[in-house]
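>
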Amino acid sequence: MPVSTANSQIIFDALKANGVRLISALPETWLVHLIRLADADPDVTLVRLAKEEEGVGISMGAHLAGVKSAMLMQNHGFLAAINGIVSGAQLYRIPLLMLISDRGTFGERDPWQTEGGAVTESVLSALRIPTMRLSNPARVAYQVRQAQTLASASNKPVALLLTRDLMWEDA
Amino acid sequence: MTRIEALRAVYDRLDGSAVVTIMGAVAAELQSIGHRPNFFYLQHAMGLASSVGLGIALSKPDVPVVVFDGDGSVLMNLGGLSTLARYRPANLLHVVFDNESLLSVGGFPTATGAGTRLAEVAAAAGVPRTACVTTIDEFVKAFAAAQQAKDLTTLVAKVDAVGPSAFVTDLGLLENRFQFQRYLQSR
Numbered sequence: 005m006p007v008s009t010a011n012s013q014i015i016f017d018a019l020k021a022n023g024v025r026l027i028s029a030l031p032e033t034w035l036v037h038l039i040r041l042a043d044a045d046p047d048v049t050l051v052r053l054a055k056e057e058e059g060v061g062i063s064m065g066a067h068l069a070g071v072k073s074a075m076l077m078q079n080h081g082f083l084a085a086i087n088g089i090v091s092g093a094q095l096y097r098i099p100l101l102m103l104i105s106d107r108g109t110f111g112e113r114d115p116w117q118t119e120g121g122a123v124t125e126s127v128l129s130a131l132r133i134p135t136m137r138l139s140n141p142a143r144v145a146y147q148v149r150q151a152q153t154l155a156s157a158s159n160k161p162v163a164l165l166l167t168r169d170l171m172w173e174d175a
Numbered sequence: 393m394t395r396i397e398a399l400r401a402v403y404d405r406l407d408g409s410a411v412v413t414i415m416g417a418v419a420a421e422l423q424s425i426g427h428r429p430n431f432f433y434l435q436h437a438m439g440l441a442s443s444v445g446l447g448i449a450l451s452k453p454d455v456p457v458v459v460f461d462g463d464g465s466v467l468m469n470l471g472g473l474s475t476l477a478r479y480r481p482a483n484l485l486h487v488v489f490d491n492e493s494l495l496s497v498g499g500f501p502t503a504t505g506a507g508t509r510l511a512e513v514a515a516a517a518g519v520p521r522t523a524c525v526t527t528i529d530e531f532v533k534a535f536a537a538a539q540q541a542k543d544l545t546t547l548v549a550k551v552d553a554v555g556p557s558a559f560v561t562d563l564g565l566l567e568n569r570f571q572f573q574r575y576l577q578s579r
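Just so you know, the sequences run in chain order E and G.
Our numbering numbers the first residue of the first sequence as 5 and each following residue consecutively.
Our numbering numbers the first residue of the second sequence as 393 and each following residue consecutively.
1. Of all the CB atoms in chain G, is at least one closer than 9 Å to the CB of E:M64?
2. Is the CB of E:E58 under 9 Å away from at least one CB in chain G?
3. Would you give the residue range spanned by the alpha helix (DSSP H) that G:G445 belongs to?
4. Around the Cβ of G:D461, are there at least 16 other Cβ atoms within 10 angstroms (buried) or fewer (exposed)?
5. Exposed or buried, E:I89, counting other C-beta atoms within 10 Å across all chains shown (16 or more means buried)?
6. Taking only beta carbons into account, state which residues of the segment 475 to 488 of chain G come closer than 8 Å to chain E, listed in chain order.
7. Bridge partners for G:P501 per DSSP, in chain order?
8. Could you tell me whether the segment 432 to 447 of chain G touches the segment 479 to 487 of chain G, where touching means 3 or more Cβ pairs closer than 8 Å?
9. Which residues mark the beginning and the end of the alpha helix (DSSP H) in which E:T153 is found?
10. Cα-Cα, which of E:Q94, E:M171, E:G61 is closest to E:R132?
11. Quick check on G:F531 - is its C-beta less than 9 Å from some C-beta in chain E?
12. Are the CB atoms of E:T109 and E:T167 nearer to each other than 9 Å?
13. Could you check the C-alpha separation between G:T522 and G:T546 for me, to the nearest Å?
14. Identify the contact partners of G:S496 in chain E, using a Cβ-Cβ distance below 7 Å as the criterion.
15. On the premise that E:I14 lies in contact with E:A145, defined as a C-beta separation below 8 Å, what is that separation, rounded to the nearest angstrom?
16. Are the beta-carbon atoms of G:V402 and G:L434 separated by less than 9 Å?
17. Closest to E:Y96 by CA distance: which of G:E567, G:M393, G:R395 is it?
18. Does the beta carbon of G:H436 sit closer than 9 Å to a beta carbon anywhere in chain E?
19. Within the same chain, show all residues whose beta-carbon is closer than 6 Å to that of E:E173, passing over the 5 residues directly before and after it, in chain order.
20. Any C-beta of chain E within less than 9 Å: which residues of the segment 439 to 457 of chain G qualify?
21. Can you give the Cα-Cα distance for E:F16 and E:L103, rounded to whole angstroms?
22. Using CA atoms only, rank isn't needed, just tell me which of G:L450, G:G464, G:A449, G:Y479 is closest to G:P520.
23. Strictly below 8 Å CB to CB, what residues from chain G border E:T23?
24. What residues in the segment 12 to 40 of chain E have a beta carbon less than 8 Å from any beta carbon of chain G?
25. Do the segment 30 to 49 of chain E and the segment 541 to 555 of chain G make contact, defined as three or more Cβ pairs closer than 8 Å?
26. Can you name the residues of chain B whose CB is closer than 7 Å to the CB of G:F572?
27. Taking C-alpha atoms, which residue in G:E530, G:A511, G:F572, G:L473 lies nearest to G:V548?
28. Using the Cβ count rule (16 or more neighbours within 10 Å means buried), how would you classify G:V458?
29. Can you give me the start and stop residues for the beta strand (DSSP E) that E:I27 sits inside?
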């Protein structure tokens, strides 16, 4: 499976360096290494979800209890979590760090991913969620730090889009 | 039993617990009995009160957490019961007031009035302690036993479909949120 183990490690290290101690996730292909890293790390609590919207509630509780958290999900999971994001995290001003695998964009081979890829950034924009694309592994640590800083200062959700260039090593 | 009778009957047992409620009647009734800094009312995001409780329980394992949920909200997040069971926080007591109705939006019947049994759903999801009670005495006993048990409990209380005439209170959502956060910081 050509999901980048090296870049998954860089992302995970950046989350840990920013104090993230709870990660909620629903598996998808691009996230497998990240989820395994979280599962193997004794300093990180991994919460495996049935549906992504639960992760918003869990991150709300974690934040109120003083624990920094992040959500790992596919863009379709983000679309499934929107009411929780709006009427939970935004309504209650929760700094929610969302890492969203950006499936269905240029280079996508799975037909079922393509509609989500076409709308993800527009939906994030409509929700006024500050968004950055992670493509260059050399900048990941910096961008994760910037995202966490803005989330904390604004008490609002932010999104980091995990791109094909970063996550997938095409043969 | 009515929900407000049930809330009154366990109100004094909420000292020292982080309490999360759903929106609507539950939030308004608990506030009418008396707001405290350890109460957080999730005034939207239906279905996620138990998830918020799970996030708190995992982050503060030494703080008892009580969630006051409802049948309509639980039905929106049935998968959340499986997540609760999977992580089985010993400090989480999940109470579900089941009035078989979406009372706050006009009393439309939910599936629990047509045969869905939430305590059994929770048990089948893997929640180790579950019960369904119909009287105040049973409710208080089961609530106290759950607080003693130190294991994840889903306690379904069948209540009448009655509630307050209004749901908006003078407690601001963000005021409540920051006060509750400070309470948790002190624990």
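C-beta: ideal position from N, C-alpha, C; glycine also.
Walking through what the data contain:
1. As a first step, residue 64 of chain E must be located in the first sequence, where it is residue number 60. Yes, E:M64 lies at the interface with chain G (some Cβ there is under 9 Å from its Cβ).
2. Stepping through the first sequence from its first residue, residue 58 of chain E is reached at position 54. So yes, E:E58 belongs to the interface.
3. Counting from 1 along the second sequence, the entry for residue 445 of chain G is found at position 53. Element bounds for G:G445: 441 to 451.
4. Position 69 of the second sequence, counted from the start, is the residue given in the question as residue 461 of chain G. Buried: at least 16 other Cβ atoms inside 10 Å.
5. In the first sequence, counting from the first residue as 1, residue 89 of chain E sits at position 85. The residue in question, E:I89, is buried, as its Cβ has 16 or more Cβ neighbours within 10 Å.
6. For the segment 475 to 488 of chain G, which is checked against every Cβ of chain E, the residues closer than 8 Å are T475, R478, Y479.
7. Indexing the second sequence from 1 puts residue 501 of chain G at position 109. G:S493.
8. yes
9. For this step, residue 153 of chain E is matched to residue 149 along the first sequence. Note, E:T153: alpha helix (DSSP H), 141 to 158.
10. The count along the first sequence starts at 1 and reaches residue 132 of chain E at position 128. Among E:Q94, E:M171, E:G61, the Cα nearest to that of E:R132 belongs to E:Q94.
11. Your numbering for residue 531 of chain G matches position 139 in the second sequence. Judged by the 9 Å Cβ criterion, G:F531 is not in contact with chain E.
12. Start at 1 with the first residue of the first sequence, and residue 109 of chain E comes out as number 105. Start at 1 with the first residue of the first sequence, and residue 167 of chain E comes out as number 163. Here E:T109 is near E:T167, since their CB atoms are less than 9 Å apart.
13. Numbered from its first residue, the second sequence carries residue 522 of chain G at position 130. Numbered from its first residue, the second sequence carries residue 546 of chain G at position 154. Near 5 Å, if we compare the C-alpha coordinates of G:T546 and G:T522.
14. In the second sequence, the residue the question calls residue 496 of chain G occupies position 104. Within 7 Å Cβ-Cβ: nothing; G:S496 doesn't reach chain E, min ~14 Å.
15. If you number the first sequence from 1, residue 145 of chain E lands on position 141. If you number the first sequence from 1, residue 14 of chain E lands on position 10. Contact flag correct, Cβ pair sits at about 7 Å.
16. If you number the second sequence from 1, residue 402 of chain G lands on position 10. If you number the second sequence from 1, residue 434 of chain G lands on position 42. The answer is no: Cβ separation not under 9 Å.
17. The residue you call residue 96 of chain E lines up with position 92 of the first sequence. Minimum Cα distance to E:Y96 is reached at G:E567.
18. Position 44 of the second sequence holds residue 436 of chain G. The beta carbon of G:H436 falls within 9 Å of a beta carbon belonging to chain E, placing the residue at that interface.
19. For the purposes of this step, residue 173 of chain E is taken as residue 169 along the first sequence, with counting starting at 1. Hits under 6 Å: P6, S8.
20. G439, L440, A441, S442, S443, V444, G445, L446, G447, I448, A449, L450, S451, K452, V455, V457
21. In the first sequence, the residue the question calls residue 16 of chain E occupies position 12. In the first sequence, the residue the question calls residue 103 of chain E occupies position 99. Looking at the two C-alpha atoms, the distance is approximately 11 Å.
22. Residue 520 of chain G sits at position 128 when you count from the first residue of the second sequence. Looking at the Cα atoms, G:Y479 is the closest of the given residues.
23. Start at 1 with the first residue of the first sequence, and residue 23 of chain E comes out as number 19. The amino acid occupying residue 23 of chain E in the given sequence is Gly; Thr does not appear at that position. Ordered by position in chain G, no residue passes the 8 Å Cβ test against E:G23, which lies about 13 Å from the chain.
24. L26
25. no
26. Structure shown: chain B not included; protein chains present are E and G.
27. Here residue 548 of chain G corresponds to residue number 156 of the second sequence, with the count starting at 1. Per the Cα distances, G:A511.
28. Along the second sequence, read from residue 1 onward, the residue named residue 458 of chain G stands at position 66. Buried, because 16 or more other Cβ atoms sit within 10 Å of the Cβ of G:V458.
29. Mapped onto the first sequence, residue 27 of chain E falls at position 23. 26 to 29 is the extent of the beta strand (DSSP E) around E:I27.
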